[in-house]
Amino acid sequence: MKNIYRFKVGDFAPSESTRSFTPEGYLKCVNVRLGKAPQVRQYYAYEFPNLEGFSADQTINVYTPAEELFKPAAIKSWDGADATDYHPPKNEINAANWKDYHIGYCENVRQEGEYLVGDLLIKDKDSIDLIQNNERLEMSLGYAATLVLEQGTAPDGTVYQAKFINFIGNHVALVKYGRCGGDCRIGDEKQTPKGKTMEVSVNGIRFDIGDNKPLADALKQQQEQLESLKAAKLKVGDKQFSIGDELNAVQAVVDQLHTDKTTLEQKVGDLEKNQMTPEKLEQAAAERTAVIADAKALVPTVKTEGCTCEQIKRDVIAAKAGDALVTALLGSVSVGDAKPDQIDTTFRALSAVKGTHPSNPVGDALNHQQQQQTNNQDPKENKGYDKSAAYKTI
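Add 467 to the 1-based position in the sequence shown for my numbering, that's all there is to it.
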């Protein structure tokens, strides 16, 4: 028997692209991988409201068939879709919330092999900075779809319990960590524009100026030759000729090589600046140990191996979804929709109050006074506790 449900889903997927800026300062990301099919992804049951037969923290393998994701109607539904920074509430962008969540749009959506690919134009300055600082690199599709509960096996051999059909695209979200990992990312490097590549020949050695070793060798060789050529004369028989024209040509090559050397040095400097140092590793290890300890104290059965700190926190909060503290901090935002800072705040709050009990200082003082009077008085003279004098001992 097949059970069919209809949901609005925020589906994380991975992306490679080419970045460039428009004259207005907008960020253009070309060839962004938005989604992948066929593929099986894991979801928590709480991500599908009113789903019967599963507990809230139970994981479900859901299959996305290629023939469904790449239907012409499905592809067309994402063409022109809004881009957002994380998913809006209820995984839907509409006239009521568009102004608050719209940061750009997606266009030229098409199928390329096993990927759903499109081009993004990001107009929001804050979102552009997040992308450039590697805080938002992965993509997450927002869509409505029909969830069919049926057992099956994907082409790669993965067993699934449900599958998506009838995709209707709503938006594409920028996220830090996508459900599918790193396949669908906004590209880290801007490719060399077409027509700007150059093949040069130095002493019969042909190479592309983007090749690091030949670049360094040729630059050193040309600099040495340049010093000799400045005063050189070409002698043919008893006549001498200026080689200034050849010198200008060599200088142009050297200038181009020097420019590319500077660019490469800048990239190396950026990589060295962002590399993980022993101090950073120790700090990260200590923070992870603390997160795991707090998580186990709150939910002893929570899975930590192979999970990021953020995922561990989300799993703990999902298990505590009914707690008043979680409701107070997240409100109507689901765990799946919550931003990282919301998840971190809620997890810290849960960790801070674990094992504590609220006290009643006034009640404790009254009980203490009554106990003293009972112990100090003769049983025959004990007239009971006088609350009117309680304030004198508090």
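Where a beta carbon is used, it is the ideal one built from N, C-alpha and C, also for glycine.
Over the uninterrupted beta strand (DSSP E) stretch that includes residue i, give me the two end residues.
| i | result |
| --- | --- |
| E579 | 569–579 |
| R500 | 494–503 |
| L536 | Premise fails: L536 lies in the alpha helix (DSSP H), 533–536, not in any beta strand (DSSP E). |
On the DSSP bridge list, what partners appear for residue i?
| i | result |
| --- | --- |
| H554 | None, per the DSSP bridge assignment. |
| F631 | L614 |
| A640 | T551, S607 |
| V584 | R500, R577 |
| N528 | Q509 |
| V626 | T620 |
| I589 | L494, G571 |
Go to residue i, then tell me how far its alpha helix (DSSP H) extends in each direction, as first and last residue.
| i | result |
| --- | --- |
| C776 | 776–786 |
| F488 | From DSSP, F488 is part of no alpha helix (DSSP H) but of the beta strand (DSSP E) over 485–488. |
| I598 | 592–599 |
| V766 | Here V766 belongs to no alpha helix (DSSP H), and DSSP marks it neither H nor E. |
| D808 | 807–820 |
| P539 | 539–545 |
| V793 | 791–797 |
Is residue i near the ligand MN, going by C-beta to nearest heavy atom under 8 Å?
| i | result |
| --- | --- |
| K763 | Of ligands this structure carries none, so the ligand MN is not represented either. |
Would you say residue i and residue j are within 9 Å of each other, going by their C-beta atoms?
| i | j | result |
| --- | --- | --- |
| T485 | R508 | no |
| N455 | E535 | The displayed coordinates of the chain run from 468 to 861. Any statement about residue 455 would go beyond what the structure contains. |
| H638 | P556 | no |
| Y511 | D524 | yes |
| K787 | L738 | no |
| G798 | R781 | no |
| L604 | F631 | no |
| Y627 | V766 | no |
| Y572 | L583 | no |
| A541 | I635 | yes |
| V576 | K538 | no |
| E759 | T771 | This sequence places Ile at residue 759; Glu is not what is there. Their beta carbons are under 9 Å apart, which means I759 touches T771 by this criterion. |
| Y553 | S801 | no |
| A751 | I784 | no |
Does the beta-carbon of residue i have 16 or more other beta-carbons within 10 angstroms, so that it is buried, or is it exposed?
| i | result |
| --- | --- |
| K503 | buried |
| Q689 | buried |
| G580 | exposed |
| A548 | buried |
| Q506 | buried |
| A795 | exposed |
| M743 | exposed |
| A629 | buried |
| L748 | exposed |
| V499 | buried |
| S594 | buried |
| V793 | buried |
| A753 | exposed |
| R652 | Because the pLDDT at R652 is just 46, under 50, the model does not fix this residue reliably, and the point stays unresolved. |
Would you tell me roughly how many angstroms separate the C-alpha atoms of residue i and residue j, rounded to the nearest one?
| i | j | result |
| --- | --- | --- |
| L641 | Q692 | 51 Å |
| D596 | G520 | 43 Å |
| K763 | S487 | 45 Å |
| K566 | Q778 | 29 Å |
| T625 | T729 | 48 Å |
| D761 | A819 | 9 Å |
| D586 | L608 | 14 Å |
| H725 | E559 | 50 Å |
| T551 | K592 | 13 Å |
| F814 | Y493 | 36 Å |
| T526 | V497 | 34 Å |
| T756 | T812 | 18 Å |
| D463 | K643 | Because the chain is modelled from 468 through 861, residue 463 falls outside the range shown and cannot be assessed. |
| D727 | K740 | 20 Å |
| E491 | P622 | 45 Å |
| T768 | N561 | 39 Å |
| F515 | Y610 | 13 Å |
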